[in-house]
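Trainee: Attaching a single structure in structure tokens format; questions to follow.
Protein chains: 2
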Amino acid sequence: MSPKPRATDVKARLVEAAIRLLDESGPEALQARKLAAEVGVSTMAVYTHFGGMAALVDEVARAGFVRLSEWLAQVGETDDPVADIFSLARTYRQAVAEQPQLFAVTFGQSAPGGKRATLSDLTTEEGREAAQEGLEAFAPIVRATERAIRAGRFRPADEYQAAAQLWSALHGFVTLEASGHFGPAEQGIDHILLPLGITMAVGLGDTVDRARGSAEAAKAAWRARTGNAGQGGND
Amino acid sequence: MSPKPRATDVKARLVEAAIRLLDESGPEALQARKLAAEVGVSTMAVYTHFGGMAALVDEVARAGFVRLSEWLAQVGETDDPVADIFSLARTYRQAVAEQPQLFAVTFGQSAPGGKRATLSDLTTEEGREAAQEGLEAFAPIVRATERAIRAGRFRPADEYQAAAQLWSALHGFVTLEASGHFGPAEQGIDHILLPLGITMAVGLGDTVDRARGSAEAAKAAWRARTGNAGQGGND
DNA sequence: ACGGTTTCATAACTCGGTTATGTAACCAGG
DNA sequence: CCTGGTTACATAACCGAGTTATGAAACCGT
Chain R
8 MSPKPRATDV KARLVEAAIR LLDESGPEAL QARKLAAEVG VSTMAVYTHF
58 GGMAALVDEV ARAGFVRLSE WLAQVGETDD PVADIFSLAR TYRQAVAEQP
108 QLFAVTFGQS APGGKRATLS DLTTEEGREA AQEGLEAFAP IVRATERAIR
158 AGRFRPADEY QAAAQLWSAL HGFVTLEASG HFGPAEQGID HILLPLGITM
208 AVGLGDTVDR ARGSAEAAKA AWRARTGNAG QGGND
Chain F
8 MSPKPRATDV KARLVEAAIR LLDESGPEAL QARKLAAEVG VSTMAVYTHF
58 GGMAALVDEV ARAGFVRLSE WLAQVGETDD PVADIFSLAR TYRQAVAEQP
108 QLFAVTFGQS APGGKRATLS DLTTEEGREA AQEGLEAFAP IVRATERAIR
158 AGRFRPADEY QAAAQLWSAL HGFVTLEASG HFGPAEQGID HILLPLGITM
208 AVGLGDTVDR ARGSAEAAKA AWRARTGNAG QGGND
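Line order of the protein sequences matches chains R and F. Numbers in the working numbering are just positions in the first sequence, counted from 1, shifted up by 7. Numbers in the working numbering are just positions in the second sequence, counted from 1, shifted up by 7.
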């Protein structure tokens, strides 16, 4: 059970190969034979290390959560918590935009052959673990929300509940956008995501003007971070 | 092209069997041999009528969308458009809760590849006309939003954009709840969905008190419709 | 060094989507 | 009514992908 950090860690390399092939070639590339060939082993490695493809895909999904956590953790905290929330939203969306296949697996939308259960599969241990790591990715949103409440930008409220609302709105936008419902990237951000963020901020207690200001501040910070003007391109 | 309403309409019966088996036994029941056996034909019927399992699954996904439209269309319009939005939200959630497997397929299959018209065109003037047909499920939300704007409950705004925000928030909540992130049904509704609705309404221009009142009105109407007190049970 | 365990290769097995082929039913037109 | 073509299937085979059976080599504690 103790995963030894060997130089030739086949287990980790299988997951890495899965994520890479997933982004390169789509979900149909998530095959035991392909992954084994990629790593240079036989398909048996999949079964000694994971017990089957399902568990390997679960591991990929978990890796997606971890990666999302890392993205969000990179968003620093400024003295404007509402702007930080906008930055987290942009980052959340950007992560999904850069690795749509990975997060499709993570969010359970798509699976190779459509064979794995996605919704209402909470009775499995893997599902619960994934949910737990979802909470970890969720933490930065909770902290920013708490700071917004403390700063008087949001009305006094349970920070988890308020953050869950923000997370729902953000996740919904990202999911629908990834499904192609909101058109080109820049359009979806400007027409839906930013107004949605302002709506949420105002609804949670902020003023329209201050919310707009924070949205602008986050946009400027984003431009500075990404380095280009338009930041519309996904890659 | 003309689908004859034959007594032995194998095509329709295959889709029906797929939806039924999907809800009963999960996604793994979506197999050509199982469906054929269920209907009492050979697997060839799948290929003469659909061309393959993928197209049949597409048909199932489309059926889910239609079913969602029917659910939402059943929500009547009252003189309180914001309460109607709350009712639509409860209904949307209820539909997914009752057939999670079906909607997992529906939401997973709405691919950008399919040129089915979606929200993408709604934020541009020219695309709206053409997109109207493909958005039947979304239409009631847009109409309620428009009425809320007209009634002065929401600030003047593009009703499609505002509705897209509401849809994002709602869809995000439903998706995350179905993934098990929000605990038991009643808890998720009271702790997240209702506050989220109030947040959105207030953010779009409503007052806190009136939004709360509309939420209560929708809750009362829901109790009356479903007939039981708690309405927490999913079935 | 040695017995047990782990890791993996080879190859066979199974299941499920798909295709090849044939046939019976239906449907023109003569 | 007969006939040729098309459609809707059944039967059975094919094939790819997950899985398993088996065995060997490497690793490991004693």
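No residue lacks a Cβ here, since even glycine has one placed at the ideal position from N, Cα and C. On a predicted model such as this, the values are computed, not experimentally measured, just so you know.
Going by beta carbon distance, what residues of the same chain come within less than 7 Å of residue 120 of chain F, once the five residues before and after it are set aside?
Mentor: Note that residue 120 of chain F has pLDDT 32, beneath the 50 cutoff, so the model's placement of it is unreliable and the number below is only indicative. Taken in chain order, the list of residues that qualify is empty.
Trainee: Check whether the stretch 17-27 of chain F touches the stretch 36-50 of chain F, counting contact only when three or more Cβ pairs, one atom from each stretch, lie closer than 8 Å.
Mentor: A contact is defined here as three or more CB-CB pairs under 8 Å, and the stretch 17-27 of chain F meets this definition with respect to the stretch 36-50 of chain F.
Trainee: Which residue's Cα is closest to the Cα of residue 215 of chain F: R:228, R:215 and R:210?
Mentor: R:210
Trainee: Give a yes or no on contact between the stretch 216-234 of chain R and the stretch 162-171 of chain R, applying the rule of three or more CB pairs nearer than 8 Å.
Mentor: no
Trainee: Check whether the stretch 55-69 of chain F touches the stretch 95-102 of chain F, taking contact to mean three or more Cβ pairs, one atom from each stretch, closer than 8 Å.
Mentor: no
Trainee: Any idea what DSSP makes of residue 125 of chain R, helix, strand or coil?
Mentor: Residue confidence is low: residue 125 of chain R scores 38 on pLDDT, short of 50, so the model does not pin down where it sits. Its coordinate-derived value is still stated next. Coil, per DSSP.
Trainee: Mapping DSSP to helix, strand and coil, what is residue 81 of chain R?
Mentor: coil
Trainee: Whose CA, out of R:89, R:109, R:196 and R:177, lies closest to the CA of residue 27 of chain R?
Mentor: R:109
Trainee: For the pair the stretch 171-183 of chain F and the stretch 182-197 of chain R, tell me if three or more CB-CB distances fall below 8 Å.
Mentor: yes
Trainee: Could you list which residues in chain F have their beta carbon closer than 8 Å to that of residue 174 of chain R, in chain order?
Mentor: Ordered by position in chain F, the residues that pass the 8 Å Cβ test against residue 174 of chain R are 179 and 183.
Trainee: Is residue 160 of chain R closer than 8 Å to residue 53 of chain R when the C-beta atoms are compared?
Mentor: no
Trainee: Does the beta carbon of residue 202 of chain F sit closer than 8 Å to a beta carbon anywhere in chain R?
Mentor: yes
Trainee: In this structure, how does DSSP classify residue 214 of chain F when only helix, strand and coil are distinguished?
Mentor: Look at residue 214 of chain F here: in three-state DSSP terms it is coil, with no helix or strand label.
Trainee: Is it right to say residue 51 of chain R is buried, meaning 16 or more other beta carbons lie within 10 angstroms of its own, or is it exposed?
Mentor: exposed
Trainee: Closer than 6 Å by C-beta to residue 208 of chain F: which residues in its own chain qualify, once you throw out the five before and the five after it? Chain order, please.
Mentor: 89 and 218
Trainee: What are the boundary residues of the alpha helix (DSSP H) that includes residue 48 of chain F?
Mentor: Here residue 48 of chain F belongs to no alpha helix (DSSP H), and DSSP marks it neither H nor E.
Trainee: For residue 209 of chain F and chain R, any beta-carbon pair shorter than 8 Å?
Mentor: yes
Trainee: Please report how far the alpha carbon of residue 233 of chain R lies from the alpha carbon of residue 101 of chain R, in whole angstroms.
Mentor: Pairing residue 233 of chain R with residue 101 of chain R, the inter-Cα distance amounts to about 11 Å.
Trainee: Listing by chain order, which chain R residues have their CB less than 7 Å from the CB of residue 206 of chain F?
Mentor: 172, 207, 210 and 211
Trainee: In chain order, what residues of the stretch 17-44 of chain F put their CB closer than 9 Å to some CB of chain R?
Mentor: 33, 34, 35 and 37
Trainee: Looking at the secondary structure, which residues open and close the alpha helix (DSSP H) in which residue 153 of chain F lies?
Mentor: 146-157
Trainee: Give the residues of chain R in contact with residue 56 of chain F, contact being defined as C-beta atoms less than 7 Å apart.
Mentor: Going along chain R, no residue has its Cβ under 7 Å from residue 56 of chain F, so there is no contact; the nearest lies around 19 Å.
Trainee: Starting from residue 93 of chain R, trace the alpha helix (DSSP H) both ways and give me its first and last residue.
Mentor: 88-105
Trainee: Could you tell me the alpha carbon to alpha carbon distance between residue 229 of chain R and residue 91 of chain R, rounded to whole angstroms?
Mentor: Cα-Cα distance, rounded: 11 Å.
Trainee: Residue 168 of chain F CB to nearest chain R CB: under 8 Å?
Mentor: Residue-level contact by beta carbon holds for residue 168 of chain F and chain R, with a gap shorter than 8 Å.
Trainee: Do you know whose CA, among R:77, R:212 and R:104, lies nearest residue 155 of chain R's CA?
Mentor: Residue R:212 is the option with its Cα nearest to residue 155 of chain R.
Trainee: List the residues of chain F that residue 199 of chain R touches, going by C-beta distances under 7 Å, in chain order.
Mentor: 168, 171, 172 and 175
Trainee: Measuring only the C-alpha atoms, how far is residue 38 of chain F from residue 29 of chain F?
Mentor: 10 Å
Trainee: So, does the CB of residue 71 of chain R fall closer than 8 Å to a CB anywhere in chain F?
Mentor: No, no contact with chain F.
Trainee: Which residues bound the alpha helix (DSSP H) around residue 166 of chain F?
Mentor: 166-185
Trainee: Applying a beta-carbon distance threshold of less than 8 Å, which residues of chain R neighbour residue 189 of chain F?
Mentor: Ordered by position in chain R, the residues that pass the 8 Å Cβ test against residue 189 of chain F are 171.
Trainee: Once the 5 residues before and after residue 87 of chain F are set aside, which same chain residues still bring their CB inside 7 Å of it?
Mentor: 221 and 224
Trainee: With respect to the alpha helix (DSSP H) encompassing residue 20 of chain F, which residues constitute its N-terminal and C-terminal limits?
Mentor: 17-32
Trainee: What does the Cβ neighbour count give for residue 106 of chain R, buried or exposed, with the cut at 16 atoms within 10 Å?
Mentor: By the 10 Å Cβ count, residue 106 of chain R comes out buried.
Trainee: Would you please state the rounded distance, in angstroms, between the beta carbons of residue 75 of chain R and residue 144 of chain R? I believe it to be under 8 Å.
Mentor: 5 Å
Trainee: Between the C-alpha atoms of residue 57 of chain F and residue 46 of chain F, what's the straight-line distance to the nearest angstrom?
Mentor: 15 Å
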